[in-house]
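When we follow my numbering, the leftmost residue of the sequence shown carries the number 19, and every step to the right adds one.
As structure tokens, the structure follows; a few thoughts come after it.
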Amino acid sequence: STTTQTEIISNPYMFNLNVTPNPITDFARINYTLPNAGKTSIKLFNASGRLVETLLDNTMNAGTYTMTIHAHKLAKGIYFLKYEANGEKAEVKLIVQ
């Protein structure tokens, strides 16, 4: 008999977004992973859904990235960080204290 072996090569990058620490008192690191190169956006919205700031809107290579967000630029309260790339979406609730 003949045995066929198939090698599956998985992408080392999985679509991901996280923020630490959360709640934010001073600053936080936004860590995001992009599995494939493409148009990428990260936007910050307030609790009522209004766009506060576009943190990233660019074509990016696949990889893991970090950016910093400073709490002193934001009023205390609840925000939503929305990450979109290549048709995938993620959202994280942020609390600024």
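Glycine included, C-beta positions come from ideal geometry on N, C-alpha and C.
(message) Can you tell me where the beta strand (DSSP E) holding MET32 begins and where it ends?
(response) Translated into the one-based positions of the sequence shown, residue 32 becomes position 14. Note, MET32: premise wrong, no beta strand (DSSP E); not H, not E.
(message) In the DSSP output, which residue or residues are listed as bridge partners for LEU52?
(response) Here residue 52 is taken as the residue at index 34 of the sequence shown, counted from 1. LEU52 is bridged to GLY81.
(request) Return yes when the Cβ of ASN49 is within less than 7 angstroms of the Cβ of TYR12, no when it is not. (result) The question about residue 12 has no answer here: the residues shown for the chain are numbered 19 through 115.
(request) Let me know if LEU112 comes out buried or exposed under the rule of 16 or more other beta-carbons within 10 Å of its beta-carbon. (result) Working through the sequence shown from its first residue, we reach residue 112 at position 94. Label assigned to LEU112: buried.
(message) One question on the structure: do GLU108 and TYR31 come within less than 7 angstroms of each other, judged by their Cβ atoms?
(response) Position 90 of the sequence shown holds residue 108. Position 13 of the sequence shown holds residue 31. Here residue 108 turns out to be Ala, not Glu, going by the sequence shown. Cβ distance not < 7 angstroms, so ALA108 and TYR31 don't count as in contact.
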